[in-house]
Structure formats: C-alpha cells, structure tokens
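Below is one structure, written out as structure tokens; the observations come after it.
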Amino acid sequence: MDNRRKLVRAVSAAAAIASLLAAIISTRALSQSSRYLAEVSSSLRTSDLNAAKSIGHAFARTDELTVLLARQRQPRGEWNYLLDQLKESFVEFLEVDRHESVLPHETAKANYYLGRVMILQGNQNAARRRLEQAVELAVKINDNVLVAQAKNTLGCLAAADGDYGSAHASFRACSDVLNHVEGQENVCAIALRNLGLVERALGRDGTAATRSAIALIERSSESESWGLTSELLQDLRMTLCEMYWSQGLLDEAVRLARETQDDLQSKYIHVDLLGVDKHLIARNRHVNALRFVERNLAALQQVREAAVADPKTKQSLGKTVHRWQWHPLMDLRTELVSNHLSVAGTMVAEFESQSGLVLAWGELDFSHAAATAVAKHVYDRTQLVIVSDSEESLDEARIALVDAGVPLSRVRFGICDCETPWFRDQGPIVSRSESGDAVWFDSSLTRGDRSGRVVLDALPTMLRRNWKTRVADVPIHLEGGMLLSNGNGLAVGSAAIVRVNREYGFSDEAITRELRRVTGARRWLFLNTLIGEPTEHIDLFMTFVSPTTVVVGEYADRADPNAALLDETATLLSTVVVDDTPLRVVRIPMPDGAGTSFPSYTNVVFANGVLLVPSYSGESKEKELKVKETYEALLPDWEVHFVDCTRLRHTGGALHCLVSNLGDTPFTPVFSSKQ
47 MDNRRKLVRA VSAAAAIASL LAAIISTRAL SQSSRYLAEV SSSLRTSDLN
97 AAKSIGHAFA RTDELTVLLA RQRQPRGEWN YLLDQLKESF VEFLEVDRHE
147 SVLPHETAKA NYYLGRVMIL QGNQNAARRR LEQAVELAVK INDNVLVAQA
197 KNTLGCLAAA DGDYGSAHAS FRACSDVLNH VEGQENVCAI ALRNLGLVER
247 ALGRDGTAAT RSAIALIERS SESESWGLTS ELLQDLRMTL CEMYWSQGLL
297 DEAVRLARET QDDLQSKYIH VDLLGVDKHL IARNRHVNAL RFVERNLAAL
347 QQVREAAVAD PKTKQSLGKT VHRWQWHPLM DLRTELVSNH LSVAGTMVAE
397 FESQSGLVLA WGELDFSHAA ATAVAKHVYD RTQLVIVSDS EESLDEARIA
447 LVDAGVPLSR VRFGICDCET PWFRDQGPIV SRSESGDAVW FDSSLTRGDR
497 SGRVVLDALP TMLRRNWKTR VADVPIHLEG GMLLSNGNGL AVGSAAIVRV
547 NREYGFSDEA ITRELRRVTG ARRWLFLNTL IGEPTEHIDL FMTFVSPTTV
597 VVGEYADRAD PNAALLDETA TLLSTVVVDD TPLRVVRIPM PDGAGTSFPS
647 YTNVVFANGV LLVPSYSGES KEKELKVKET YEALLPDWEV HFVDCTRLRH
697 TGGALHCLVS NLGDTPFTPV FSSKQ
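Residue numbers (the working numbering): 47 to 721.
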C-alpha cells in the first residue's frame, strides 16, 4: 500500500509539473527570467515591475492552457473565454511603448505568446505578424532560444500554407539551435519531427530527422515515467510508423507500433490511480491510443498477408497507409505540423452507400421534430448516432425516439456540449483513398471571427474512435454545406470558399491544393450562391442524385433575382461533361421565400435507398407533389419521404444541414456488447 501511495504521489506530481510546463517552456528559462528581473529591477519603475510580474503570470497561464488543450478529452466552450482573456493581457502589455525598451525580453515573449494564442483562435495572418515581431526582438537581445521557438511555430504556419521551403528552413534553424541547449529537448524533438514531415512533403525521405527526434527523447530520463515527455515519445514513434508504412517498409512499421503498444500497456496502470487529474492523464485517451495501435497492427498484418498471397501488390503497399489511425496524446496545435500533409482522396457522393448518419439533440428544440423523423425513417438503413449536449437532452432524445418507434438498440448515443445542431458544416468531409479506404477530412472552422463553435469544430475527432478511418486535418475553412461531389471526380463549391480563405491568409495555391487533396476532383466549379442568403451554401439550391445527374432549384417568381441566378447556374452545369456525356440538369421547384428565409427542396438526406426531402406548411400540395414525383423518377428504386421542416425555415437550414453523412466508413466501436 505504501508503494502504491508513493506511485500515486509521483504520478500526480508529474502531472502537475506537466501542466505547468508546456513543451515550449522550461524551468531553466523561468529561472533565467527571474534572474534577469532581479538584475534590472533597480532601474525599473514600480509600474514596470508590476507589468513584468503580471505578464509573467499570463505566460504561465498560457502554458497551463496549452497542455490542457493538447490533452483534452473533449473541447470545452470556456476555452474561448480563457483565450480571449490571455489575448487581452498580451495586447494591453504590448500597447505600452515603454515596455520594449525597459522590458525587452518580456516584450519579445509577449509577441510570441500572443501569436500562439492567435493561432488557436484561427487568426493566422495576425499570428504570423506577431511571431515575426518576436523573432526580430529576440534577435536584438540575443535570445536564441526564443528565436528558435518562434521559428518552429512560424514553420508550422508556413507548412499549413504549403510553403514547405520556408517551413523546412525554419525547422532546421530551430533544431540546430536547440540541439545544444539543456532543457529544450522536447522542443528540439518537435522541430526535428516537423522537419521530417516537411521533407516528405518535398518528396524526400524524412525518416532520418524523425528518428533523431525519437533518439533525443529516448535519452531523456523523463521518457521512462508517465507524463508529457513519455506521451510525446509515443506520438513520435507512431509518426515514424506511418512514414515507414507509406514507404512499404511494413516490418519497421510493425516494430514501432509494437514498441508503442508495449509502452502504453506498461504505463497504463498510472491512469487508473487515485489522485491523478483526469484532464491531464485521462484514461479514455490511453484506451483510444491502445485501440488505434491494435487497429494499425491488424491492418499491417492484413497488408502483409495480401502481399504474400499476391506479390504484385508489393508495389502498392505504401498506398494502404491511409488505414493508419492515431490521435496525438500531446496535440500541440501551435507547434506541430500535420501528420496528414500527403493524405488525399476522392470525395464520396451522398447517394452512395452510407454506413452512418450523425444528428444532434440539443437544448434548443427547434430541430427535435425533424431529427426524430430522420431517425424514424433511417434507423433500419444505417448506423445512427445521436449526440446530445447534456444528460437532460439525452433523456429527451431517448424518450422521443422510443415514442416514434425507433429501437434504441439501433442508435449510438454520445454527449458533447455542441453549440448548434448544424452537424453538416462541422462533420467530416468523407473521401475514399486510392486504396479504397475511407478518409475523413476535418476542416479548421474556428477562426478569429468564428470562435463560437469550438466544440463542434472537433466533431470528426470526437467521432473517430468508433469508426475505422483516418482523420486528416485541413487547414483551410470548408463548411459541409459549401461543397458537393458527384463521387466521380466532379466537385462543386460555393464561390465563398475562395474569398473566405483569402481573408484568412491562405494563398490561392494553398486553397487549390487543399481542395484537390480533399475532393480528388478532376473538374471543379465555383458557383455564386443565393442573393441575400447569409451562409452562402450551395446545398440550399442543388444536389447530385447520380454521377451524371444534378437537381437544381427553380424559382417561379421571375422578378426574384435568384430566379435568374439559378437559371445561370443550371446553364453552367449543363456544359460540364462527365464520362463523355453532358451533365444532366433537372430543375425542381423552390419553396416560396420571404426575403429573410431560404427554404429548399434540395437540402435532402440520402440513406441507402431512402431519400428524405424537406416540406413546409403553407406550400401548395401541387408543388410538393411535383417535387416528390421528380425525385421518384430520378431514383426509381428509392423511397421518397417528406419531413416537415417548417420550424427550421427561419433558422438558416433544413435536413441536409442537420445531418453528417459518414459514407461507407466501417463502424468499429471501441466499446461494444459481446452479445
């Protein structure tokens, strides 16, 4: 029992230390800062000393929050408030001109920390300016460590924009400096890892730098006990595992996966000890990590067996790497280059096979009736997932579904403090890799002017544990309603995609590259959206029903400017050639709009032979009969059902907006009944 208490105290202490020291700061750096203040205090005003003390607390709070965000089980809405408070502290400090001359170290660091906060808030342009300012000031005061740290973060921004040359130079400069600085091993290892991933993006090997990162961490005594350094080591190993897999070096990939598995299992007892902060060392994070390793080992074994059975497949072993699954134990988003720079796929069409549909059930009840109707019509066609924002909402959902005749055994429930029921925009964009495996693309939707949905922004990551898919992050802003695919190389998007991402600091080259990576489109069209409609989504006026047929809305009121706009859209689409055949464009009536609402009969849900179409009270029966007959003629083997969306009419969406389609992704729950 005494040994157990000692172990509990040791693990708790390690967790506490980790929470105070993020990967970008060290005790050595803090002590240097304290000595510096002591040396110069005689020449400072009281207000300067108070400012230095206050900004030092802000640095510490940012480091604590960095670790919490990196290790969080689920995002929490209050993080937005904390980030805003930290941002305000740094901005207020930097607005005092005197601080640059009398507190140069603090001024340089404040720019660096402010840049990191801005990245977390999705403000890449402003973040880049602050980080560049931090480098400039740190050079003046010969703070080479801060220069290196800021360059690593700048390298991550450059990599996200596709500027791999600049990113490579930044990571090389960072690792060259920190490789000789005591106490900076974690940051140096991160820079080396980033260097390896960017080298791969440049068409080089990349494994040498990643191996160096692992060797650096393995030499640290902290890697032996559970904590930040140990978790970073597991992440590095799995990164190298994926790199070897992509090269077809399956034996090396298996070796690293097994090393990770052994390490996770040997330290697993720590996460069940009393007294450990669940936000820092959460049991389910490590359960998920073990499951991901097991899935990777099983997939690698299948690939090896296939190669033995058919030697011709050896040439394409690396293409199966899209089956690799991992979520970082230390997800330091401001310091890490994505593992998925080379992941690409072809966006699936919604009329194709669907293994699952995801719906929200929140405290705002305007979507409940529609969600219940969707569940009633599709529960026997596909796996249904209902995500509630509270225990009360979950109880409501269960009761409503039972009353509607939906067997609860056919529904997977979850709780997540989601802000809205519009899962289409925040859900994964589902594509199919070259090897035929499902790939989910997760767009970064939290931005400086769109900070209110941080929880829903993480929806694909929260869902991934129960689905056999790789989740690849996408740096640009892509809402689900802005994008449609015919599943065969044709993608159509809102013209707002380009405009919005330019505003967020992405180059046209980066936007084009990411769209091509996500959709695999050989042909791409950008469409103007409905005049006056605030979301700028195309699913409000069109939908594909087959690779060669698209339905486009049509307004009867010729005085409505949107009538001419949709006519032009239909004409443009009719010029597209798919498989040597012009795309067939079928017009369908649009509901009557009132200038402030944009109801739609194209905002539909496909579910394996069932098509759900919005209906609205007050619309003529003749019009809705024509809508139904049109869809039945286009989909003769499908059941077509209306779902009343009258309450959704003035909320900005309809059925398609409520549902996240998961394509043909295999459902593989981490915890499931043995029956």
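The C-beta atom is built at its ideal place from N, Cα and C for all residues, glycine as well.
- Query: Could you give the uninterrupted runs of the alpha helix (DSSP H) lying entirely in the stretch 324 to 390, keeping only those of 4 residues or more?
  - Reply: 329 to 355
- Query: Are the beta-carbon atoms belonging to His696 and Ser661 less than 8 Å from one another?
  - Reply: Not in contact: His696 and Ser661 (Cβ atoms no closer than 8 Å).
- Query: By DSSP, does Gly211 sit in helix, in strand, or in coil?
  - Reply: helix
- Separation of Glu438 from Arg569, as counted between CA atoms: 46 Å
- Does DSSP put Asp309 in a helix, a strand or coil? helix
- Task: Have a look at the DSSP bridge pairing and note the partners of Arg630.
- Result: Thr595
- Query: What's the gap between the Cα of Pro467 and the Cα of Asp488?
  - Reply: For Pro467 and Asp488, the distance between alpha carbons rounds to 18 Å.
- Message: Contact defined as beta carbons within less than 8 Å: I believe Thr428 pairs with Ser384. What is the distance between those atoms, to the nearest angstrom?
- Response: Between Ser384 and Thr428 the Cβ distance is about 30 Å, and since that is not below 8 Å, they are no contact.
- Beta carbon of Val457 nearer than 8 Å to that of Ile432: yes
- Message: So, for Leu694: in the same chain, excluding its five sequence neighbours on each side, which residues have a beta-carbon less than 7 Å away from its beta-carbon?
- Response: Phe412, Ser413, Ala416, Ala700
- Assigned exposure category for His226 - 16 Cβ within 10 Å defines buried: exposed
- Query: Which class does Ala406 belong to by DSSP, given the choice of helix, strand or coil?
  - Reply: strand
- Task: Select from Ala610, Glu582, Val538 the residue whose C-alpha is nearest the C-alpha of Val546.
- Result: Among Ala610, Glu582, Val538, the Cα nearest to that of Val546 is on Glu582.
- For Arg478, the residue or residues it bridges with in DSSP: Thr392, Ala484
- Item | Ranges of the alpha helix (DSSP H) found wholly within the stretch 123 to 197, counting only runs of at least 4 | 124 to 140, 144 to 148, 150 to 166, 170 to 186
- Task: Please report how far the alpha carbon of Leu658 lies from the alpha carbon of Gly664, in whole angstroms.
- Result: Here the C-alpha atom of Leu658 lies approximately 19 Å from the C-alpha atom of Gly664.
- Item | Segments assigned alpha helix (DSSP H), at least 4 residues, entirely inside the stretch 233 to 312 | List check, alpha helix (DSSP H) in window: 253 to 264, 274 to 292.
- Using alpha carbons as the reference points, say which of Gln167, Cys287, Thr589, Leu248 lies closest to Gly208. Comparing C-alpha distances from Gly208 to each of Gln167, Cys287, Thr589, Leu248 shows the shortest one belongs to Leu248.
- If we call anything under 8 Å between Cβ atoms a contact, is Thr392 one with Gly482? No, these two residues do not count as a Cβ contact at 8 Å.
- To the nearest angstrom, report how far apart Arg350 and Glu277 are at their CA atoms. 28 Å
- Message: Contact between the stretch 557 to 565 and the stretch 509 to 529 is defined here as three or more beta-carbon pairs at a separation below 8 Å; is this criterion met?
- Response: yes
- Integer Cβ distance of Thr507 from Thr711, believed to fall under 8 Å: Contact flag wrong, Cβ pair sits at about 14 Å.
- Buried versus exposed call for Glu141 [16 or more other C-beta atoms within 10 Å across all chains shown]: exposed
- With a Cβ-Cβ cutoff of 8 Å, do Leu447 and Leu454 count as a contact? yes
- Expressed to the nearest angstrom, what Euclidean distance is found between the alpha-carbon atoms of Phe652 and Thr595? 15 Å
- Item | Nonlocal neighbours in the same chain, by C-beta distance under 8 Å from Gly539, ignoring five residues either side | Met528, Leu529, Leu530, Leu561, Trp570, Leu571, Phe572, Leu573, Ile584
- According to the neighbour-count rule (16 or more other Cβ atoms, all chains shown, within 10 Å of its Cβ), is Ala602 buried or exposed? By the neighbour-count rule (16 or more Cβ atoms within 10 Å), Ala602 is not buried but exposed.
- Query: To the nearest angstrom, how far is it from the Cα of Val705 to the Cα of Leu509?
  - Reply: About 14 Å.
- Val394 and Gly533 closer than 8 Å at C-beta: yes
- Scan the stretch 655 to 713 and note each continuous beta strand (DSSP E) run of 3 residues or more that stays entirely inside, going in chain order. 656 to 661, 685 to 690
- Task: Using a threshold of 8 Å, state whether the C-beta atoms of Val501 and Glu442 are closer than that.
- Result: no
- Please name the residue in Asn198, Cys202, Thr621, Asp554 whose C-alpha comes closest to that of Cys234. Scanning Asn198, Cys202, Thr621, Asp554 for the CA closest to the CA of Cys234 turns up Asn198.
- Message: So, for Leu296: in the same chain, excluding its five sequence neighbours on each side, which residues have a beta-carbon less than 7 Å away from its beta-carbon?
- Response: Leu346, Val349, Arg350, Leu363
- Query: With 16 as the cutoff for other CB atoms within 10 Å, does Val163 come out buried or exposed?
  - Reply: Val163 counts as buried, since no fewer than 16 other beta carbons sit within 10 angstroms of its beta carbon.
- Task: Assign Pro1 to one of three DSSP states: helix, strand, or coil.
- Result: Nothing can be reported for residue 1: it is not among the residues displayed for the chain, which extend from 47 to 721.
- Task: Using the Cα positions of Glu134 and Val716, report the straight-line distance between them to the nearest angstrom.
- Result: 41 Å
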